[in-house]
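In terms of UniProt numbering, the sequence shown is residues 1 to 648. Where is the CB? At the ideal position from N, CA and C, for every residue including glycine. As the structure is a prediction and not an experimental result, all values here were calculated from the model.
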Amino acid sequence: MERHVENNRFRQEPVGGSGFCTRKAGEIGNFRQDSLGKLVAVGVKTLVLQAMTCADVTAAGDAAVKAVVGEERFAMIQSAKLLVVGAGGIGCELLKNLVLSGFREIEVVDLDTIDVSNLNRQFLFRRVHVDRPKSVVAAEAVKQFRPNANIISHHGNVKDPQFGLEFIGKFDVVVNALDNLEARRHVNRLCLAAEKPLLEAGSTGHLGQVTVIRKGETECFECQAKPSQKVYPYCTIRSTPEKPVHCLTWAKNLFDLCFGPEDESNLLADLAAEMRKFQAQESVDGEDAGRRIFAHLFEEDIKKQAQLEDLWSDQRPPPGPLCYEDALKNTERPSTDADKDKLETQKVPSVAGDAQGFVAAVAKMYGERRELIGQSSFSKDDPVAMDFVHCAANLRMQNYRIGRLSRWDAQSIAGSIIPAVASTNAIVAGLEVVQLLHVLQSVGKNMKDSKARTVWVRFPEPSRKKILQPSSLHTPNPDCFVCGSRTARVALRSLEECKIMALAKGCIQGQLGAHKPALYANGSCIFDPEYPEPGEEAEEEGLHPEWSLSQWGLTSGSLLQVEDEGQGWSINLVIREEPDLDEQLYPGGFKVSQWPTQWWLQVEAGAGAGEEAAKDMAEKKRKAEADAAEATAAKKAQLDANTVALDD
Numbered sequence: 001m002e003r004h005v006e007n008n009r010f011r012q013e014p015v016g017g018s019g020f021c022t023r024k025a026g027e028i029g030n031f032r033q034d035s036l037g038k039l040v041a042v043g044v045k046t047l048v049l050q051a052m053t054c055a056d057v058t059a060a061g062d063a064a065v066k067a068v069v070g071e072e073r074f075a076m077i078q079s080a081k082l083l084v085v086g087a088g089g090i091g092c093e094l095l096k097n098l099v100l101s102g103f104r105e106i107e108v109v110d111l112d113t114i115d116v117s118n119l120n121r122q123f124l125f126r127r128v129h130v131d132r133p134k135s136v137v138a139a140e141a142v143k144q145f146r147p148n149a150n151i152i153s154h155h156g157n158v159k160d161p162q163f164g165l166e167f168i169g170k171f172d173v174v175v176n177a178l179d180n181l182e183a184r185r186h187v188n189r190l191c192l193a194a195e196k197p198l199l200e201a202g203s204t205g206h207l208g209q210v211t212v213i214r215k216g217e218t219e220c221f222e223c224q225a226k227p228s229q230k231v232y233p234y235c236t237i238r239s240t241p242e243k244p245v246h247c248l249t250w251a252k253n254l255f256d257l258c259f260g261p262e263d264e265s266n267l268l269a270d271l272a273a274e275m276r277k278f279q280a281q282e283s284v285d286g287e288d289a290g291r292r293i294f295a296h297l298f299e300e301d302i303k304k305q306a307q308l309e310d311l312w313s314d315q316r317p318p319p320g321p322l323c324y325e326d327a328l329k330n331t332e333r334p335s336t337d338a339d340k341d342k343l344e345t346q347k348v349p350s351v352a353g354d355a356q357g358f359v360a361a362v363a364k365m366y367g368e369r370r371e372l373i374g375q376s377s378f379s380k381d382d383p384v385a386m387d388f389v390h391c392a393a394n395l396r397m398q399n400y401r402i403g404r405l406s407r408w409d410a411q412s413i414a415g416s417i418i419p420a421v422a423s424t425n426a427i428v429a430g431l432e433v434v435q436l437l438h439v440l441q442s443v444g445k446n447m448k449d450s451k452a453r454t455v456w457v458r459f460p461e462p463s464r465k466k467i468l469q470p471s472s473l474h475t476p477n478p479d480c481f482v483c484g485s486r487t488a489r490v491a492l493r494s495l496e497e498c499k500i501m502a503l504a505k506g507c508i509q510g511q512l513g514a515h516k517p518a519l520y521a522n523g524s525c526i527f528d529p530e531y532p533e534p535g536e537e538a539e540e541e542g543l544h545p546e547w548s549l550s551q552w553g554l555t556s557g558s559l560l561q562v563e564d565e566g567q568g569w570s571i572n573l574v575i576r577e578e579p580d581l582d583e584q585l586y587p588g589g590f591k592v593s594q595w596p597t598q599w600w601l602q603v604e605a606g607a608g609a610g611e612e613a614a615k616d617m618a619e620k621k622r623k624a625e626a627d628a629a630e631a632t633a634a635k636k637a638q639l640d641a642n643t644v645a646l647d648d
């Protein structure tokens, strides 16, 4: 076979025979070797090599999509206005999929900045992007795939006022790629209030799910109780911890990084080189190594973190560095009258105690356990490992102004981390785009007539080969306090001891997911989110956040109205006093449950009835609760096989 070059065009004559694939500069095709050892082409036709402009790339991509989905659906894709919430693991894959599928009008919101630990699974980001806003960089990156796409980025919290109902209302569909429960609840309520379809997705390890939420037609995000969130966003753990468990997770990874085998999936893996500098040699004092690690982690790194101004605000102040010498001077330990009867491990140590404990734990590892360095892994039953993790976590809590823990509490809540898996994120993001196409086709139609589904992603097992498990969309739960009956009941130990601001923050915000709730009793406002703390301004408005519920005249069985203007959400709240409420089961002091719709209607209908009517209502209540419990148990049995994923 001869190869001819004519005007930058390669022309190769096809020949028979089998061959192998190879690539050389200017040559693409299948070749085989002849008897003389020369490469000859097999089945290769004329190949034209020429530079392609951005317009050419866009046109070629659009033509490919149009050929698959058809003219009508492609026009619908190009005109759809989308809001993507989250630009992390799923969000990066989702944005890339959307622009390559022909979507042009996209806005993306994300609060976080890029951390080095993101680079192994969030492929739109590079090392030069570290510390830049995720939403901004992601938008810049995907515009290179489709330069004609109109992508607007917002670096901020989706719970901020500028992202309220008016903002949500301008989009055709909202697509979630969030990694925390509170934000998901908030977006769910905004979409219900604005009557906009919501695509909800998440992943945890090898598990994931995608579902569609549309007001009045499908379950909303809160129709079924969610399991306790035991998996935490990497970015929160690395950069903006808000809870003790975030710091404990960070400390556990630090222990494995310093004393365990190399592990690229460790969320602190980028610190490995720095930590190796501090590893003590035979001639180096272990305590000296501990003090140097202390200075690096709790003073120098914190100073750098505090300089990232975009992360901090009045509501979330920057962390404060802590030097070892100053820590040793802080010998005061938090104490209450109840501490007198506690064991030593149940008491919160002083900052000095944590600093000394951290250095002592490092010294032990480099001393009596030197031969185990590189082989150790964290165990809450290992006293030295637990000392290290407890003290390191408490020192980080001190940096970020989070209440520190006793060793007892730290040991009890130390749990496992499920790593984010890039392939799961990619599958979930792809499924979101498929469901999005079904949603757009169902505009003006009932969702039950669409092809939209809830799809679960499961790791294949011998008894279950399929990775994807679709199921029909469920109808709304009539007893859901968000999209259904809008009535819930709250049990608490004492009306005299519970303050109205504790109810608002601990229960209505903490457990019911409200953002800025206002509380009303008998038509009068008793709590205003603009005046959450006691003070002169609150008193001028006739508000007393420090008053107990009984001081406001509330009794067991009283009805409160809760309104959250920002979420467009309201709920009736029935207060019930339960002196025997188990504090271990309900550490926050509140037990929240849904109020069956049928029973609430009967209470309204039977108000003022006689004793027989009351007995009849009680019997109907028991039956309604039994029916609700049976329905919930059936749904839970189905959900147990399909774990709800909450991360990344």
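query, result
"Leaving out the 5 sequence neighbours to the left and right, which residues in its chain are closer than 6 Å to V389 when beta-carbon positions are compared?", "A251, K252, F255"
"Using C-beta distances below 8 Å, list every residue in its chain close to K466, excluding the 5 sequence neighbours before and after it, in chain order.", "R458, P460"
"Just to confirm my understanding: we take L554, look at its own chain, exclude 5 residues before and 5 after, and list those with CB closer than 8 Å. What are they?", "L495, A521, L560, I575"
"Quick one, are the C-beta atoms of K591 and A491 less than 7 Å apart?", "yes"
"Using a Cβ-Cβ cut-off of 6 Å (strictly less than) and excluding sequence neighbours within five positions of I588, which residues of its own chain qualify?", "The displayed chain sequence assigns Gly, not Ile, to residue 588. Closer than 6 Å at Cβ, skipping near neighbours: G506."
"With C-beta atoms as the reference, is D112 less than 7 Å away from C235?", "yes"
"DSSP three-state call for D564: helix, strand or coil?", "strand"
"Compute the Euclidean distance between the alpha carbons of E497 and T475, then round it to the nearest angstrom.", "40 Å"
"Within the continuous beta strand (DSSP E) that includes G202, where are the two ends?", "198-204"
"Considering Cα atoms alone, identify which of N150, L549, D263, L512 is closest to D564.", "L512"
"Counting Cβ pairs, one atom from each stretch, are 3 or more of them under 8 Å apart for the stretch 167-180 and the stretch 435-446?", "yes"
"So P319 and A306 are supposed to be a Cβ contact under 8 Å. How far apart are they, rounded?", "6 Å"
"For Q441, which residues of its own chain have a beta-carbon under 8 Å away from its beta-carbon, when the five flanking residues on both sides are left out?", "R73, M76, S450, K451"
"Go to F259, then tell me how far its alpha helix (DSSP H) extends in each direction, as first and last residue.", "244-259"
"Can you say whether V443 is buried or exposed, counting buried as having 16 or more other CB atoms within 10 angstroms of its CB?", "exposed"
"Is the beta carbon of V142 closer than 7 Å to that of K96?", "yes"
"Under the three-state reduction of DSSP, which class applies to P147: helix, strand or coil?", "coil"
"Please list the segments of the beta strand (DSSP E) lying wholly inside the stretch 315-367, counting only runs of 3 or more residues, in order along the chain.", "none"
"Could you compute how far the alpha carbon of L297 sits from the alpha carbon of N120?", "23 Å"
"I'd like the list of long-range same chain contacts for V394, defined as Cβ closer than 6 Å, with 5 residues on each side in sequence excluded.", "This sequence places Asn at residue 394; Val is not what is there. Closer than 6 Å at Cβ, skipping near neighbours: D354, R404."
"Quick check on this structure: which residue in G156, N399, I114 has the alpha carbon closest to the alpha carbon of V84?", "G156"
"List the whole-angstrom C-beta distance separating V108 from S79, where the pair is believed to meet the contact cut-off of C-beta under 8 Å.", "About 18 Å; that fails the 8 Å criterion."
"Just mark L268 as buried or exposed, buried being the case when its beta carbon has 16 or more other beta carbons within 10 Å.", "buried"
"Give the straight-line distance between the Cα atoms of K445 and E530, rounded to the nearest whole angstrom.", "41 Å"
"Just the Cα atoms here: how many angstroms apart are L311 and C323?", "23 Å"
"Inspect the beta-carbon positions of L198 and I213 and report whether they are closer than 7 Å.", "yes"
"Along the chain, where does the alpha helix (DSSP H) that runs through F74 open and close?", "71-79"
"In the DSSP assignment, what are the bridge partners of Q209?", "G202, W456"
"Would you kindly work out how many angstroms separate the C-alpha atoms of I516 and D288, rounded to a whole number?", "Before going further, note that residue 516 is Lys rather than Ile in the sequence given. Each residue's alpha carbon lies about 49 Å from the other."
"Determine whether the Cβ of I237 lies closer than 7 Å to any Cβ atom of chain D.", "Structure shown: chain D not included; a single protein chain is present."
"DSSP beta-bridge partners for C525?", "Y520"
"State the Cα-Cα distance for the pair S376 and R401, rounded to the nearest angstrom.", "30 Å"
"Here's a check: name, in chain order, each residue in its chain whose Cβ is nearer than 6 Å to the Cβ of D387, leaving out the five neighbours to either side.", "G357, A361"
"Using a Cβ-Cβ cutoff of less than 7 Å, which residues in the same chain neighbour Q122 once the five nearest sequence positions on both sides are dropped?", "G88, G89, C92"
"Excluding the five sequence neighbours on either side, which residues of its own chain have a C-beta within less than 8 Å of the C-beta of N333, listed in chain order?", "One detail in the question is off: residue 333 reads as Arg in this sequence, not Asn. Excluding positions up to five away in sequence, the list reads K347, V348, P349, S350, G353."
"For G568, I'd like the list of residues in its chain whose CB is within less than 6 Å of its CB, leaving aside the five on either flank, ordered along the chain.", "L165, A193"
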